[in-house]
Each structure stands twice: as structure tokens, then as C-alpha cells.
Amino acid sequence: MFLEFNKYSKEEMRQLERFICSSYFNANAKLENLFYYLKSYYPNITDDEVKPSIIWAAATKGEKFKDTNYRKLVSDFTDLLERFFVQNEFDTDREYKKIILLRNLRKRKIKKRFDKTYVELMKEMNSQFSKDGDYYFRKSLVISEKYQNDFGKIKYEYSPLLQEQSDNIDYLILFEKLHMFHQMFQSKQNSADRNNYVQIWHDEVFRRVEKDIAAIERMHPNIYIIYLVLKMLRDNDDKIMNDLKSYLNKVGSKFPVSKLGYYYEYLTSYCVKKYNKGDIIYRKKALELYKEMDKMGIFVIDNMIIDSDFNNVVNIALAEGNLKFAEEFIEKYRKYIDEDFADSAYSLARAKLLFSKKEFDRMFELLNNVEYKDTLYYINSKFLIARAHIENKNIVSAKYIYESLKQYKRSNNKLSDDQKNTLTVFLKYFTYTLKIMDAQDSEKLKLKKIALASLEAEKQVVPTKSWFKEKFS
Numbered sequence: 052m053f054l055e056f057n058k059y060s061k062e063e064m065r066q067l068e069r070f071i072c073s074s075y076f077n078a079n080a081k082l083e084n085l086f087y088y089l090k091s092y093y094p095n096i097t098d099d100e101v102k103p104s105i106i107w108a109a110a111t112k113g114e115k116f117k118d119t120n121y122r123k124l125v126s127d128f129t130d131l132l133e134r135f136f137v138q139n140e141f142d143t144d145r146e147y148k149k150i151i152l153l154r155n156l157r158k159r160k161i162k163k164r165f166d167k168t169y170v171e172l173m174k175e176m177n178s179q180f181s182k183d184g185d186y187y188f189r190k191s192l193v194i195s196e197k198y199q200n201d202f203g204k205i206k207y208e209y210s211p212l213l214q215e216q217s218d219n220i221d222y223l224i225l226f227e228k229l230h231m232f233h234q235m236f237q238s239k240q241n242s243a244d245r246n247n248y249v250q251i252w253h254d255e256v257f258r259r260v261e262k263d264i265a266a267i268e269r270m271h272p273n274i275y276i277i278y279l280v281l282k283m284l285r286d287n288d289d290k291i292m293n294d295l296k297s298y299l300n301k302v303g304s305k306f307p308v309s310k311l312g313y314y315y316e317y318l319t320s321y322c323v324k325k326y327n328k329g330d331i332i333y334r335k336k337a338l339e340l341y342k343e344m345d346k347m348g349i350f351v352i353d354n355m356i357i358d359s360d361f362n363n364v365v366n367i368a369l370a371e372g373n374l375k376f377a378e379e380f381i382e383k384y385r386k387y388i389d390e391d392f393a394d395s396a397y398s399l400a401r402a403k404l405l406f407s408k409k410e411f412d413r414m415f416e417l418l419n420n421v422e423y424k425d426t427l428y429y430i431n432s433k434f435l436i437a438r439a440h441i442e443n444k445n446i447v448s449a450k451y452i453y454e455s456l457k458q459y460k461r462s463n464n465k466l467s468d469d470q471k472n473t474l475t476v477f478l479k480y481f482t483y484t485l486k487i488m489d490a491q492d493s494e495k496l497k498l499k500k501i502a503l504a505s506l507e508a509e510k511q512v513v514p515t516k517s518w519f520k521e522k523f524s
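If you read the sequence shown in the numbering used here, its first letter stands for residue 52, the second for the next number, and so on.
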């Protein structure tokens, strides 16, 4: 826990200092002492500075060490930190603070302030263009507070508030259901599990959106977008992709950066999916989208980039021969990769780049840092190693990797259909490569022609196709 302080920004440390030194939030002097001790080593705290006896001495100014007391100190400090996280999040969420204020004004019967705050909140919310699940949920809270506040004088009347609340909840359901259907679709695509998700209200949700599509496009853009995304992926429809891209070009500036990042990722995932099915033109389209995202600064969402997304960008850029963009992207975004995958994702990406530059010795050094976090790390690493051994004319080692990939494909029952297909196609053309390497000179040309003809006629996407083409030419 104490080493985590090294990751805090300077502003976070200043905020934490004010928090811990506030008697309202903290009355324990030992916790304040401990904070200032850690601050004195920030941002270079090491294990040597956080040994229990040293932490205890710094916090207590010399009291005798006792393990139970030390554990209580750490527990109290952890509780204080977690309270800081919550308070800091709350302080930055102006809208939610107003909703909590509205609730307290109602409970305390401060009617004029309640009415003023309600009007301000509704004006702010109704002026928002982006409307996601949080928006509809929070608006529901505001309307509910208003209805409860006015209940005494409207309990025998028709209340427009109830209709407004009902409509708002309908849109909340539409958004959350469409969002969930999209997640289910993606999960199904990526999983080897053949179980089907139960999608209650699927047809009803689509009919409801399509019945009022013009108004939803105009007034509820987030619902409209997720509807288009789901139809695009489900129906494999390029027209919808173009409609979505045009819509984002028209209204994208009205969305928060984080939301726009998600929506562009939907477009890139569609292009990558089409490319992985063999439509090579979508590789170029994906790279164009990635460049747009980089220019707009929308790759990083919630201060993080998913390792699989990072990997996709590098793969696409290198396959398109754009080593400059790949290298700039790797170095620019490496610090945002999820820390559980950061070292492996970065090392694998750099290794791919070095392979493209034919710097195979340095590539092998980097691959030593790659942990096989999941199937993609294993497959990507082995593909690189196998090809590098061919480049180095190390046929024995290349055959060893080839056999290990065949065994992996046979024995791994968690491979998705796309992953099985990727392995099958790679192994098919790597078999040709090995046969050519083993063949007598008189047979090599004949084998190359056969392999090249098969490669050019291949309907499936071929991993590292340009490399195989080079070997068969």
C-alpha cells in the first residue's frame, strides 16, 4: 500500500495533505506523522523505507513497537485513505453534490432553497447533449425528490412529474439494455464458451427505438449511437458504420472526450473484426481511425488504455508498414496501459516493432519480459519467435515453436473460433515455409509457387501475410 504513494500526482499529494491535516477528517496525530514521513521520500519510496518497525517509529515518534498496534495503525491509515478517495470523488462531482443537497433541503423543509436548486439542476440537465445511463439515473433522483417535496399539495391531482419520471425511466432502460446487449455480443464473439445469453426484451427494445428513431437521434444521442453500434456489429453492415461515422463527425464535439473515445473504439473494433475475417481494406480504415483518435486525444479513457486495444493499434500500424506511427504510439501511450499488463504489453509491442526493423537479437531480449497473460500474448509471442528463427536460419528452433503451437491449438479448449482460425492459418503457411527451408534447391522454386498461389487465393485473413509472401517470392 505505501509504495502506491509513488504513483500519486503532486496535486493528489497536496489534496491528501490538506485532507489528513483537517481536524474534521482526521484527529489522529500518528496518521499525520505517517503521511509526512512518506511524503519526505515521495516519489521514490522503496521497500527499505516502509518496513513495519520504521513505519511505526515514524508515526509514533519512538513508542515501543508492537505488532497488533502496528496493524491497527495501518488499518486506520488505510481507512483514512479510502475516505479521502471517496471525498475527492465527491468533491469533483458537482452535479451529484447538488442532488445530495436537494435531498437534504427537502428533508429539512427549506422550501425556497429547494425550489431554486431544483430549477438549477433541471436546467443544467436538460441542456446536456450527452445522455448516458448515469444521466437518466440521476435525473430520476431529481424528479423523485421534486415529487416527494410537492406530494402534499398534488396528491389528488394529475402530476406531469410522474409522466416525466416514467419517460425518463424508459430511456434509462433502453440505454442500459442496449449497452448490455452490446457487451453480451462482444463477450460471445471473444469466448470459446458456447452458452447463449438470455436477452429479455431484446426485440421490444429495438422496436421501441426504431418506432421513434428520429426523436431519439435528436434528443437521446447516446441511445442512438449504441443502437447503431449494435446493429452494425450484429448485421455486419457497412452502411451503418458510415452512418455512425457521419453522425460522430457532426456531433462528436458535443460529447465529453471519454465518451467520444468509446464511440470511436466501436468503429475501430468493427474494422478490426472485418479485417480479421479477411477484408484487407478495413486494416487501412482502422489505421485512419486510429490516427484520428490520436489527433483528437481520445485514446485514453479514465486515465487508461486497455492492453488489447494497445496491441490492436500496433498490429494494424505495422501490418500497414507505418513503423513511424507504431513507434510514436507505443512510446506515447505506454504509461496508460493497465498496470497488470503494462510490462508485457509494452515489451511485446516493442518486440514486434524490432522484428519489423529486422533487429532480431534485441527482439528476443524484449520477449523475455513478456508474461503469457492470456492467449493473445502467447500466440503473438510465438508467431514472432517462429519467424525470427526462420530469419536467422535456425530451423531446429523454428520447428520446435511450430510443434508447440500445434500442441497448444490441440490442447487448449478455451480458444475462441477466431483464435483457432488464426492458429490454423498461420500453421498452414508456416508448414510451407519449413518445407521450403528443408527442400533441395531444385524443389524450392516449385514449392514457393505452390505456397504463393495458395496464399494469394486464401479467403481467410493470414497473420503476417506480407512476411509469408516475401518468403514465397
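Backbone N, C-alpha and C fix where the C-beta goes; we use that ideal spot for every residue, glycine too.
Starting from residue 355, follow its DSSP beta bridges and name the residues at the other end. 352
Among 389, 343 and 403, which residue has its Cα nearest to the Cα of residue 370? 403
Would you list the residues sitting across from residue 388 in a DSSP beta bridge? 356
Is the distance from the Cβ of residue 56 to the Cβ of residue 96 below 8 Å? yes
Per-residue DSSP class, three states only, for residue 422: coil
CB of residue 284 within 8 Å of CB of residue 236, strictly: yes
Return helix, strand or coil for residue 208, following the three-state DSSP convention. coil
Nearest neighbour of residue 363, chosen from 321, 436, 197 and 301 [CA to CA]: Closest option to residue 363, Cα to Cα, is 321.
Taking C-beta to C-beta, are residue 313 and residue 352 nearer than 8 Å? A contact, by the Cβ cut-off of 8 Å.
Residue 410 (DSSP reduced to helix, strand or coil): coil
Residue nearest to residue 411 in terms of C-alpha spacing, selected from 394, 431, 422 and 441: 441
Could you check whether the stretch 79-92 touches the stretch 108-122, counting it as contact only if at least three pairs of C-beta atoms, one from each stretch, sit closer than 8 Å? yes
DSSP state of residue 448, grouped into three classes? helix
So for residue 184, helix, strand or coil by DSSP? helix
Buried or exposed, going by whether 16 or more other CB atoms sit within 10 Å of the CB of residue 381? buried
Quick one: Cα of residue 407 to Cα of residue 413, how far? Their backbone Cα atoms lie some 12 Å apart in a straight line.
Is there contact between the stretch 174-194 and the stretch 215-225, where contact requires at least three CB pairs shorter than 8 Å? yes
Residue 300 versus residue 359 - alpha carbon distance: Looking at the two C-alpha atoms, the distance is approximately 26 Å.
Comparing alpha-carbon positions, which option in 396, 466 and 426 lies nearest residue 419? 396 is the residue among 396, 466 and 426 whose C-alpha sits nearest the C-alpha of residue 419.
Start-to-end residues for the alpha helix (DSSP H) that takes in residue 289: For residue 289, the uninterrupted alpha helix (DSSP H) run begins and ends at 289-302, by DSSP.
Does DSSP classify residue 272 as helix, strand or coil? Helix.
Restricting to Cα atoms, I'd like to know which of 298, 461 and 367 is closest to residue 331. 367
Are three or more beta carbon pairs between the stretch 151-169 and the stretch 123-135 nearer than 8 Å? no
Can you tell me whether residue 292 is buried or exposed, with buried defined as 16 or more other CB within 10 angstroms of its CB? Buried, because 16 or more other Cβ atoms sit within 10 Å of the Cβ of residue 292.
Check whether the stretch 442-451 touches the stretch 416-432, taking contact to mean three or more Cβ pairs, one atom from each stretch, closer than 8 Å. no
Length of the line joining the Cα atoms of residue 436 and residue 453: 10 Å
Helix, strand or coil for residue 308, going by three-state DSSP, please let me know. The DSSP-derived three-state label of residue 308 is helix.
Around the C-beta of residue 264, are 16 or more other C-beta atoms found within 10 angstroms, so that it is buried, or is it exposed? exposed
Quick check: residue 519 and residue 484, are their CB atoms within less than 8 Å of each other? yes
Let me check understanding here. Comparing Cα to Cα, which of 350, 53 and 281 lies closest to residue 231? For the residues 350, 53 and 281, the minimum Cα distance to residue 231 belongs to 281.
Measure the alpha-carbon distance for residue 466 versus residue 137 and round it to whole angstroms. 40 Å
Return the CA-CA distance between residue 372 and residue 182, expressed in angstroms with no decimal places. Spanning the two alpha carbons is a distance of roughly 39 Å.
For the stretch 222-287, which segments carrying the alpha helix (DSSP H) assignment without a break, of at least 4 residues, lie completely within its bounds, in sequence order? 253-262, 264-270 and 272-286
Classify residue 334: buried if its beta carbon has 16 or more other beta carbons within 10 angstroms, exposed otherwise. The residue is buried, with at least 16 neighbouring Cβ atoms inside 10 Å.
Classify residue 304 as buried or exposed, calling it buried when 16 or more other Cβ atoms lie within 10 Å of its own Cβ. exposed
Work out the CA separation of residue 76 and residue 398 for me, nearest whole Å. 43 Å
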